[in-house]
Structures are given as structure tokens and as C-alpha cells.
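Input: a single structure, listed below in C-alpha cells.
In the working numbering, the protein residues as written are 80 to 209.
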């Protein structure tokens, strides 16, 4: 029995909020937790975090403008880099991290748009300013 769409969207939104809090905390901790994926590098963590956030955003807000999702999540990635520039955090600010975030966001939202178009037979959101 499939999950009703409103319940599915609500669950995705709750998971999005939890993932968002986790990603921001991990990004601003002076000494982040050691993860098994540390050997894959910092860019991998950025790509993974923002791909997950983009996936959950697409599932939680299926009618939202793809461009707005890209804009806002990319802004979050840039904001994280600005915060990481605070000397007291002992973190590194790297524009390439923000680029990795934005590329992951664009790829996932693009895939979501193609899947939505394929499922509905139409483009889910044609405007680029809303």
C-alpha cells in the first residue's frame, strides 16, 4: 500500500529539517566528529550533504520552483563558508566547497525535474523566477 502523498511530503520535510540542522552543526563545529567517509575528503561530505538536502527538498516540496531550491540551498552553502571563515572556529573557508555544494544541488534538482516530468508527462515548474 503506497504512502499517501501528504504524509510522504511531511515526512520528507521533517527529514529535511533534521538533515539541515545536522549539516549546519557539522559544518560549524570547531572539531567535527570523525566519520568513516573522512578518507574520501571534504568535497565528498559537501556533495553528500547538499545532494541529500536537495533530494529531501524535492520530495518535501514537489511543487516548489527548482530555481528557488537551487538558489536557497546554494545560498546556505555560501553562508556556511562565510561562517567557516571565523577564526575562532578553526575551520577553512573554501569557495570550491561552495561550488561542490551548488553542483550537487543542480544535479539533484535536475534529476528530480526529469523524473517529475516523466511521471506527470509535463514540466513541473517552467518559470525560473518564482
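The beta carbon of each residue, even a glycine, is placed where N, CA and C say it ideally should be.
Query raised in the report: Below 7 Å between beta carbons: does that hold for residue 188 and residue 145?
Result: Stepping through the chain shown from its first residue, residue 188 is reached at position 109. Stepping through the chain shown from its first residue, residue 145 is reached at position 66. Cβ atoms of residue 188 and residue 145: closer than 7 Å.
Requested in this report: Reducing DSSP to helix, strand and coil, say where residue 120 ends up.
Outcome: As a first step, residue 120 must be located in the chain shown, where it is residue number 41. DSSP places residue 120 in coil when its eight states are reduced to three.
Query - Residue range of the unbroken alpha helix (DSSP H) whose run includes residue 144 - result: Here residue 144 corresponds to residue number 65 of the chain shown, with the count starting at 1. Element bounds for residue 144: n/a, residue is neither H nor E.
Requested in this report: Starting from the Cα of residue 166, find the closest Cα among 181, 107, 101 and 176 and give me that residue.
Outcome: Position 87 of the chain shown, counted from the first residue, corresponds to residue 166. Closest by alpha carbon: 107.
Requested in this report: Could I get the ranges of all uninterrupted alpha helix (DSSP H) runs contained in the region 144–176, with 4 residues as the minimum, in chain order?
Outcome: 145–163
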